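Chains as they are written, first to last, in the working numbering: chain D, 79 to 224; chain G, 73 to 394.
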């Protein structure tokens, strides 16, 4: 029995996978691996990667906060922000990181520290996921050749 | 028969009106496209969120006690309705339809002795309710043309307060669902408490929008970290989201309705101008014809006189010669 996964944000429907085998979520209380027939669960998301496994492939998304409803046959991710790994713009993310680091060095106004930190975390997360999906694509190819 | 100058003036004013309506049509067309995109983009999220809500709300007895927003009050005598209409008219039946739907629903839903309070968005709806002497408790008109979820914060807060302080046992939203450019449907949805809801009256049922059905088969949720923590964060946010989505749907509907109304008006203006042009031509032709008739008649009259004179003279001549 596969799981139907839907990832939506307020702006758009990011991804629908009707037949996933496993979903790995960044829950606020730790990473959560969801297999079919999971007991109904409602939890909050942290910033992190959301991985959806299906057959031999894996979809990776970056999510920042939100709410997840898990049912035995369905996972609904109501994310505040979500981005598919293929949509990450490395240059934009790196520029954002530089800007945030710059501001932290200069000593930002106290009421903006939290926002800047968050921005920095987001940029770093995007960059990390982007790097990893790129290198993983390479390793999959090597395995195929064997 | 109106005279030529009168008709010419009317043609001019009809054409002017046509120009105005065409301009309004173009403006509404671009606004409606934007509003549609916004409404459709967040629809997926809103629908999923609603489904999650219904699931949470349909949980057994214990959950109902977890959060005050899930609490059903048995008497249900005090109803508050959030009515979303437009600030401006010239949108066909848009404003009338939603107000009629809301007031019909209200009077059907209201058993004797119950109270209805209104919260309105939109000047037109407010004015119409005002005339019906309805009890309007607050107003949030003049929303920005492209509202964001933040815009809905104060509205949601007012409504949640209304419910939590017991001024309302039930809160509904009446808004216009955007189906496509030609079709918009006035609907009423149950906002608070977040509970599956029964409507008895068939007339009221016509307006109430079907809710998604619960799909957890009565199994209790696990909550991480804790139920109250999640519900505290989720329920107010989703309430706000439902309001936001209702506003977006209404805006898309309003602009589409106005676009269609203005297109019809432009077409009517064109048809009217063509009709008037025809009567103008007729009137002008009539004027010319009557002038010619005058001249010809004059000439004929003169000629008749001349002949009379001539025949008289002939008779006189004959008399003399005799």
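Cβ atoms here follow ideal geometry from the backbone N, Cα and C, with glycine treated the same way.
Nothing here was measured: the structure is a model prediction, and the numbers come from that model.
### Task
Report yes or no: do three or more beta-carbon pairs, one from the segment 312-322 of chain G and one from the segment 221-229 of chain G, lie closer than 8 Å?
yes
### Query
Can you find a heavy atom of the ligand MN that lies under 6 Å from the Cβ of residue 360 of chain G?
Inclusion of the ligand MN in the displayed structure is not the case, the ligand content being empty and no account of it being possible.
#### Entry: Minimum Cβ-Cβ distance from residue 118 of chain D to chain G less than 7 Å
yes
### Query
residue 120 of chain G touches chain D at which residues, Cβ-Cβ below 7 Å?
Those are 84, 86, 154, 156, listed as they occur along chain D.
#### Entry: Outcome for residue 337 of chain G when other beta-carbon atoms lying within 10 angstroms are tallied against a minimum of 16
buried
### Message
Given a cut-off of 7 Å on the beta-carbon distance, is the pair residue 164 of chain G and residue 329 of chain G in contact?
### Response
yes
### Query
Tell me, which residues are paired with residue 210 of chain G by DSSP?
G:191
### Task
State the Cα-Cα distance for the pair residue 140 of chain D and residue 87 of chain D, rounded to the nearest angstrom.
12 Å
### Task
State the DSSP-derived secondary structure class of residue 150 of chain D, mapped to helix, strand or coil.
coil
### Query
With DSSP run on the structure shown, which of helix, strand or coil describes residue 131 of chain D?
strand
### Task
Could you check how far apart the C-beta atoms of residue 218 of chain G and residue 108 of chain G are, in whole angstroms? I think they sit under 8 Å.
The Cβ separation is near 12 Å, so there is no contact.
### Cβ neighbours of residue 138 of chain G in the same chain (closer than 8 Å, five flanking residues each side left out)
299, 300, 303
#### Entry: Extent of the continuous alpha helix (DSSP H) to which residue 163 of chain G belongs
Segment: none, residue 163 of chain G is in no alpha helix (DSSP H) and carries neither H nor E.
### Query
Can residue 150 of chain G and residue 240 of chain G be called in contact, C-beta distance under 7 Å?
yes
### Query
Would you say residue 90 of chain D faces chain G, with C-beta separation under 7 Å as the test?
yes
### Task
Output the boundary residues of the alpha helix (DSSP H) element that contains residue 392 of chain G.
Unbroken alpha helix (DSSP H) run through residue 392 of chain G: 299-393.
### Message
Applying the 10 Å Cβ sphere with the 16-neighbour rule, what's the burial state of residue 248 of chain G?
### Response
buried
### Task
Flag residue 102 of chain D as yes if its beta-carbon sits less than 7 Å from any beta-carbon of chain G, otherwise no.
no
### Message
Just list the residues that DSSP pairs residue 86 of chain G with in beta bridges.
### Response
Answer is none; residue 86 of chain G lacks a bridge partner.
### Close Cβ partners of residue 116 of chain D (< 7 Å) along its chain, the five nearest in sequence each way excluded
148, 150
### Contacting residues, own chain, Cβ-Cβ under 6 Å from residue 208 of chain D (five flanking each side not counted)
Only 166, 168 meet the Cβ criterion.
### Task
For residue 243 of chain G, I'd like the list of residues in its chain whose CB is within less than 6 Å of its CB, leaving aside the five on either flank, ordered along the chain.
152, 231, 235, 263, 264
### Message
Tell me the DSSP secondary structure of residue 168 of chain D in three-state form.
### Response
Note: residue 168 of chain D maps to helix in three-state DSSP.
### Task
Grab the span of the beta strand (DSSP E) containing residue 228 of chain G for me, first residue to last.
Per DSSP, residue 228 of chain G belongs to no beta strand (DSSP E); it is in the alpha helix (DSSP H), 225-236.
### Query
Just the Cα atoms here: how many angstroms apart are residue 331 of chain G and residue 186 of chain D?
48 Å
### Task
Please work out which residues of its chain come closer than 7 Å, Cβ to Cβ, to residue 178 of chain D, disregarding the five sequence neighbours upstream and downstream, and give them in chain order.
Cβ neighbours of residue 178 of chain D beyond the five flanking positions: 194, 197, 198, 201.
### Task
Tell me where the beta strand (DSSP E) around residue 279 of chain G begins and ends.
No beta strand (DSSP E) contains residue 279 of chain G, which DSSP labels as neither H nor E.
### Task
Please name the residues in the segment 112-143 of chain D whose beta-carbon is closer than 7 Å to at least one beta-carbon of chain G, in chain order.
Listed by position, the residues of the segment 112-143 of chain D near chain G (Cβ gap below 7 Å) are 117, 118, 119, 120, 121, 122.
### Query
Excluding sequence positions up to five away, which residues of its chain have a Cβ less than 6 Å from the Cβ of residue 131 of chain D?
Excluding sequence neighbours, residue 131 of chain D sits near 99, 100.
### Task
Count the C-beta pairs between the segment 167-175 of chain G and the segment 194-210 of chain G that are closer than 8 Å, then say yes if the count reaches three, no if not.
yes
#### Entry: Cβ-based neighbour list, residue 80 of chain G, same chain, cut-off 7 Å, excluding 5 preceding and 5 following
352
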